[in-house]
Amino acid sequence: MSGAVPKELIAGRLVLVGAHSLSAEPDDYPVPNSSGHKMYGVEIWANAAQTIFTNRYPVLKQSDITTLAQLLIVTLAGLLLVLRWRLFGFVGALGLLVAYILGAYVLFGLQTQGLVGSGPVEVPSIAYVIPAVFWWVILLGYLLLEEQFAVARTRVTFGRFVTPSIARTIMDREEAGKLALGGEEKRVTVLFGDIRGFTTLSEGMGPSDLLHHLNRYFDGMVDIVNRYEGTVNKYNGDNIMVLWGAPLEVKDQARKAVECALEMQRWIVSERERGGPDVSFGFGINTGRVVAGFLGAKGRMEYTVIGDAANIASRLTSRDIARRDQVACSGETLGELGEDVETVDLGAILVKGRAEPVPCWQINRLGAIRSPRPAPAPDVAIRRAAVAGYH
């Protein structure tokens, strides 16, 4: 009436005028959409009239079919993402849920805009969809647990063909993307074992019986190797090669290797005395630096050690050095055994592939472990190995 309000703002509209704070008790009330602030009574009436005349008003309860359909779609989409990409899929599913919530709010906002609506606007039932996360977590946990069991089964199966420590090394490097040809220098103790009289033994029994008895002896020997923290690197017919210090570091590696060899000799002799076939081993042990790593081709590789120290250990298995039921070691290994050792000096022996002779000793006792067949010094000093060991 005073002209302070533009005419076009009022013309053709319903205007409600009311007093709200003249009395001692203000005419204001808390309402659901006032964001924590009270709304005056006249404003509540104005909003109610606006909703009625524009035919646009919210319905707090979304229809059951719509809610169930949205819940099913969001849950299944999340499950598919988790099933396909595991943890990354779970993160993607959470992103999908956030996108759904934001999209629902945006859609609700668009439906409540404009001068004239088209009837009721359902408030999205977001709270009913959020529990879909529970099923995503259940599926993700199951998949991760299943993967752990699969990895464990793989390692156990893989460990039957290579030593568990090597299996772990291979799998860890594969997971880190570092499985490749090449190696690193390490100080190790290498043990070679060679069956004495294998040719005669194989001639006296059939192939299946021979294989059975070899597996029987190797099985018992590997149990002892594992107790002494050794790593069986390979079998080669009637030979066995064991490492200490590769791929895993081992304390007192030389001492453990010799103790293991003496323990294996005692076990082999006891099996033979209980009626087993006439199988005997000679063990050669050496300590030194080698290159340990993966050898072969990209499509087919194996973990092994290469170097003079390994070659010397193989030469010590010569029947003239590591005799039947005996354990022979080099000076490098003997120097790390301590004082509680009984030895027989075999002298400095020329071995194949080496210009300088190798000082060798036969071990009769180390600590509390004695050789089952302690032997005296040779009648004639050994100067050259008559038969080279496995290379």
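Per the working numbering, the very first residue in the sequence shown carries number 972; after that it's consecutive. Beta carbons: idealized from backbone N, C-alpha and C, even for Gly. Predicted model, so just to flag it, every value in this text is computed and none were measured.
Can you round the beta-carbon distance between residue i and residue j to whole angstroms, since I take them to be within the 8 Å contact cut?
{"i": "Ile-1283", "j": "Val-1329", "result": "6 Å"}
{"i": "Pro-1343", "j": "Gln-1236", "result": "5 Å"}
{"i": "Ala-1225", "j": "Leu-1337", "result": "With 8 Å as the limit, Ala-1225 and Leu-1337 do not qualify as a contact, their Cβ atoms being about 10 Å apart."}
{"i": "Thr-1083", "j": "Arg-1027", "result": "6 Å"}
{"i": "Trp-1106", "j": "Leu-1050", "result": "6 Å"}
{"i": "Ala-1369", "j": "Leu-1042", "result": "As shown, the chain starts at 972 and ends at 1362. That puts residue 1369 outside it, with no answer to give."}
Rounded to whole angstroms, what is the Cα-Cα separation between residue i and residue j?
{"i": "Thr-1022", "j": "Val-1094", "result": "15 Å"}
{"i": "Lys-1157", "j": "Lys-1227", "result": "17 Å"}
{"i": "Leu-980", "j": "Val-1077", "result": "28 Å"}
{"i": "Glu-1117", "j": "Val-1108", "result": "14 Å"}
{"i": "Phe-1265", "j": "Met-1212", "result": "16 Å"}
{"i": "Cys-1231", "j": "Leu-1115", "result": "39 Å"}
{"i": "Tyr-1199", "j": "Asp-1279", "result": "24 Å"}
{"i": "Ser-1251", "j": "Val-1298", "result": "12 Å"}
{"i": "Ser-1289", "j": "Lys-1205", "result": "18 Å"}
{"i": "Glu-1273", "j": "Gly-1154", "result": "11 Å"}
{"i": "Leu-1181", "j": "Gly-1246", "result": "15 Å"}
{"i": "Arg-1295", "j": "Gly-1253", "result": "5 Å"}
{"i": "Leu-1321", "j": "Glu-1327", "result": "7 Å"}
{"i": "Pro-1001", "j": "Gly-974", "result": "33 Å"}
{"i": "Val-1045", "j": "Gln-1119", "result": "28 Å"}
{"i": "Pro-1091", "j": "Pro-1029", "result": "6 Å"}
{"i": "Asn-1335", "j": "Arg-1243", "result": "20 Å"}
{"i": "Ala-1020", "j": "Phe-1059", "result": "50 Å"}
{"i": "Leu-1150", "j": "Val-1203", "result": "Low per-residue confidence applies at Leu-1150: pLDDT is 49, beneath 50, and the placement is therefore not dependable, though the value from the model is reported in the following sentence. Using only the alpha carbons, I get a separation of about 20 Å."}
Is it right to say residue i is buried, meaning 16 or more other beta carbons lie within 10 angstroms of its own, or is it exposed?
{"i": "Gln-1333", "result": "buried"}
{"i": "Pro-1218", "result": "buried"}
{"i": "Tyr-1113", "result": "exposed"}
{"i": "Thr-1037", "result": "exposed"}
{"i": "Leu-1287", "result": "buried"}
{"i": "Gly-1071", "result": "A small fix is needed here, since residue 1071 is Tyr in this sequence, not Gly. By the 10 Å Cβ count, Tyr-1071 comes out buried."}
{"i": "Ile-1101", "result": "exposed"}
{"i": "Asp-1311", "result": "exposed"}
{"i": "Trp-1215", "result": "buried"}
{"i": "Glu-1303", "result": "buried"}
{"i": "Phe-1024", "result": "exposed"}
{"i": "Val-1087", "result": "exposed"}
{"i": "Asp-1209", "result": "buried"}
{"i": "Gly-1201", "result": "buried"}
{"i": "Asn-1257", "result": "buried"}
{"i": "Phe-1061", "result": "buried"}
{"i": "Val-1069", "result": "exposed"}
Determine which residues share a DSSP beta bridge with residue i and list them.
{"i": "Val-1301", "result": "Before going on, a small fix: residue 1301 reads as Ser here, not Val. Looking at the DSSP assignment, Ser-1301 forms a beta bridge with Cys-1331."}
{"i": "Arg-1167", "result": "Ser-1251"}
{"i": "Pro-1102", "result": "DSSP output for Pro-1102 lists no bridge partner at all."}
{"i": "Glu-1093", "result": "Val-1030"}
{"i": "Trp-1215", "result": "Thr-1160"}
{"i": "Asp-1316", "result": "Trp-1332"}
{"i": "Asp-1311", "result": "Note: Asp-1311 sits in no beta bridge, so no partner."}
Count the CB pairs spanning the region 980-991 and the region 1009-1023 that are closer than 8 Å, and state whether there are at least three.
Using a C-beta cut-off of 8 Å, the region 980-991 makes contact with the region 1009-1023, since at least three inter-stretch Cβ pairs fall below that distance.
Given 8 Å, three or more beta-carbon pairs between the region 1238-1247 and the region 1185-1205
Yes, the region 1238-1247 touches the region 1185-1205.
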